[in-house]
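K.L.:
Have a look at this one before I ask anything.
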Amino acid sequence: MLAAVPELAEYADVEGEQFCNIDSSDMTEALWQSLASRVQEVADREDVDGIVITHGTDTMEETAYFLDLTVHTIKPVVLTGSMRPSTAISADGPLNLLEAVQAASWAELGKYGVVIVMNSTVHSARFVEKTDTTHADTFKGRQMGCLGYMQDGRPYLYQQPLRKHTWSSDLASPKDLPPVAIAYTYVGLTADDVCRLAQGKAGLVLAGLGHGKVPEPVWQALQSLMAQGLVVVRAARALGGMVTPVPAYDGTITADSLTPQKAKILLQLALAHTTDRDKIQAIFDTY
């Protein structure tokens, strides 16, 4: 892969290693934990100035966010990949890799947390989403926009994440991540469906209707589960907006602007730290 982009040598002394070789749809939480540990080890080396991780695009945003929360470094950490195969007429992988290395070579990038560099665009791990199944410009910060763009061999950035990440994060990757599921809300979802999904789980994230709402019978079941210790986070299946506290769903955690899949990650890390609902809400309010 590195040999296919000889221009890399103009920007960095690149050292490569293969962490694993899987389709990103086969990513696991155990691999996340191992990857975070390995990235931390490399970031702690004095002779390393930045890190680039090549990753399949299907779960790239989730891996990026997990690392954003659990790797404690001020050095740049960049994820990149490709939407087109190397055999395509206009393969995007080589340029994405080159621009990822260029970005990671810029020390100031570390202040922005873990980023994804794709299609000449720099995205925050917290806000980036894969929005298209095939297009090269699939990654977008739909709610808050991108951080900036790659041009002339360096990033041009225009905004900086205010939520805690990397060097400011107090969260860590635990030995075992608490089990958390996501319940997608739809017409016809029953209380039994949710109870089965929540069985054996420490937490449940709702991809709720509108402002994180669920059908009344489901809410009644959730209240019973919460009384037994289940931590419930309300997120939304909508493509934008925030989920904030409302009296009708007292006792739940609100995901703010996080997507359900990212809310799941933050809830797992929060539950490894505390089971106190107020403290978990404070974590969601600051990360």
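If you use the numbering used here, the sequence shown corresponds to residues 984 to 1270, in order.
For each residue, glycine too, the CB sits at the ideal point set by N, CA and C.
1) Pick helix, strand or coil for Asp1134, following the three-state DSSP scheme.
2) Taking three-plus beta-carbon pairs below 8 Å as touching, is the stretch 1140–1150 in contact with the stretch 1221–1236?
3) Contact between the stretch 1007–1019 and the stretch 1089–1109: three or more CB pairs below 8 Å?
4) Could you check which residue in Glu1000, Ser1017 and Glu1044 has the C-alpha nearest to that of Ile1034?
5) Is Tyr1141 helix, strand or coil by DSSP?
6) With burial defined as no fewer than 16 other Cβ atoms inside 10 Å of the residue's Cβ, what is the status of Cys1003: buried or exposed?
7) Of all the options Ser1020, Val1054, Ile1099 and Leu1160, which has the alpha carbon lying nearest to the alpha carbon of Asp1120?
8) Determine the burial state of Gln1211: buried for a count of at least 16 other Cβ atoms within 10 Å of its Cβ, exposed for fewer.
9) Do the stretch 1179–1197 and the stretch 1148–1164 touch if we need at least three Cβ pairs shorter than 8 Å?
10) Contact defined as beta carbons within less than 8 Å: I believe Ser1007 pairs with His1038. What is the distance between those atoms, to the nearest angstrom?
11) If you drop the 5 nearest sequence neighbours on each side, which residues of the same chain put their C-beta closer than 7 Å to that of Pro1157?
12) Using the beta-carbon count (16 or more within 10 Å), is Leu1081 buried or exposed?
13) Would you kindly work out how many angstroms separate the C-alpha atoms of Thr1070 and Gly1076, rounded to a whole number?
14) Out of Thr1042, Leu1062 and Val1229, which has the shortest C-alpha to C-alpha gap to Gly1195?
15) Express the C-alpha separation of Asp1032 and Glu1024 in angstroms, rounding to a whole number.
16) Name the residue from Ala1083, Cys1178 and Thr1053 whose alpha carbon lies nearest to the alpha carbon of Ser1065.
17) Using a Cβ distance threshold of 8 Å, determine whether the stretch 1214–1221 contacts the stretch 1129–1138, with at least three qualifying pairs required.
18) Kindly give me the distance between the Cβ atoms of Val1061 and Ala1086, rounded to whole angstroms, as I take these residues to be in contact under 8 Å.
19) So, under 8 Å CB-CB, Gly1096 and Thr1040 are touching, yes? Tell me the CB distance rounded to an integer number of Å.
20) Which ranges would you report for the alpha helix (DSSP H) in the stretch 1033–1081 if only whole runs of at least 4 residues count?
21) What would DSSP say about Ile1236, mapped onto helix, strand or coil?
22) Between the C-alpha atoms of Glu998 and Gly1223, what's the straight-line distance to the nearest angstrom?
23) Hey, could you find the ends of the alpha helix (DSSP H) Val1025 is sitting in?
24) Which value, in whole angstroms, describes the spacing of the CA atoms of Ala1090 and Ala1246?
25) Does the beta-carbon of Val1170 have 16 or more other beta-carbons within 10 angstroms, so that it is buried, or is it exposed?
26) With distances taken Cα to Cα, identify the nearest neighbour of Ser1088 among Ala1204, Leu1205 and Ala995.
27) Output the boundary residues of the beta strand (DSSP E) element that contains Ile1165.
P.N.:
According to the data block:
1) For the purposes of this step, residue 1134 is identified with residue 151 of the sequence shown, where counting begins at 1. The identity of residue 1134 in the sequence shown is Gln, whereas the question assumes Asp. Here Gln1134 sits in strand by DSSP.
2) no
3) no
4) Counting from one through the sequence shown, the residue named residue 1034 turns up at place 51. It is Glu1000 whose Cα lies nearest to the Cα of Ile1034.
5) For the purposes of this step, residue 1141 is taken as the residue at position 158 of the sequence shown. Tyr1141 falls in the coil class under three-state DSSP.
6) The residue you call residue 1003 lines up with position 20 of the sequence shown. Cys1003 is exposed by the Cβ-count criterion.
7) For the purposes of this step, residue 1120 is taken as residue 137 along the sequence shown, with counting starting at 1. Comparing Cα-Cα distances from Asp1120 to each of Ser1020, Val1054, Ile1099 and Leu1160, the minimum goes to Ile1099.
8) Counting from 1 along the sequence shown, the entry for residue 1211 is found at position 228. Gln1211 is exposed by the Cβ-count criterion.
9) yes
10) Translated into positions along the sequence shown, residue 1007 becomes position 24. Translated into positions along the sequence shown, residue 1038 becomes position 55. Confirmed, about 6 Å.
11) By 1-based counting over the sequence shown, the position of residue 1157 is 174. So the list reads Ala1255, once near-sequence residues are dropped.
12) If you number the sequence shown from 1, residue 1081 lands on position 98. Leu1081 is buried by the Cβ-count criterion.
13) For the purposes of this step, residue 1070 is taken as residue 87 along the sequence shown, with counting starting at 1. For the purposes of this step, residue 1076 is taken as residue 93 along the sequence shown, with counting starting at 1. Whole-angstrom Cα-Cα distance: 10 Å.
14) Within the sequence shown, the letter at position 212 stands for residue 1195. Gly1195 has its Cα closest to that of Val1229, out of Thr1042, Leu1062 and Val1229.
15) By 1-based counting over the sequence shown, the position of residue 1024 is 41. By 1-based counting over the sequence shown, the position of residue 1032 is 49. About 13 Å.
16) By 1-based counting over the sequence shown, the position of residue 1065 is 82. Among Ala1083, Cys1178 and Thr1053, the Cα nearest to that of Ser1065 belongs to Ala1083.
17) no
18) On the sequence shown, residue 1061 is found 78 positions in, with the first residue counted as 1. On the sequence shown, residue 1086 is found 103 positions in, with the first residue counted as 1. That belief holds up - the Cβ atoms of Val1061 and Ala1086 are roughly 5 Å apart, short of 8 Å.
19) Position 113 of the sequence shown, counted from the start, is the residue given in the question as residue 1096. Position 57 of the sequence shown, counted from the start, is the residue given in the question as residue 1040. The pair is not a contact, with the Cβ atoms about 19 Å apart (cut-off 8 Å).
20) 1043–1053
21) Along the sequence shown, one-based indexing puts residue 1236 at 253. Here Ile1236 sits in strand by DSSP.
22) Residue 998 sits at position 15 when you count from the first residue of the sequence shown. Residue 1223 sits at position 240 when you count from the first residue of the sequence shown. Glu998 and Gly1223: Cα-Cα distance of roughly 39 Å.
23) In the sequence shown, counting from the first residue as 1, residue 1025 sits at position 42. Taken as a continuous stretch (DSSP letters only), the alpha helix (DSSP H) holding Val1025 covers Glu1012 to Ala1026.
24) By 1-based counting over the sequence shown, the position of residue 1090 is 107. By 1-based counting over the sequence shown, the position of residue 1246 is 263. Cα to Cα, Ala1090 sits roughly 29 Å from Ala1246.
25) Along the sequence shown, read from residue 1 onward, the residue named residue 1170 stands at position 187. With fewer than 16 Cβ atoms within 10 Å of its Cβ, Val1170 is classed as exposed.
26) For the purposes of this step, residue 1088 is identified with residue 105 of the sequence shown, where counting begins at 1. The shortest Cα separation from Ser1088 among Ala1204, Leu1205 and Ala995 belongs to Ala995.
27) As a working mapping, residue 1165 is identified with position 182 in the sequence shown. It spans Val1163 to Tyr1167 - the beta strand (DSSP E) in which Ile1165 sits, taken as one unbroken run.
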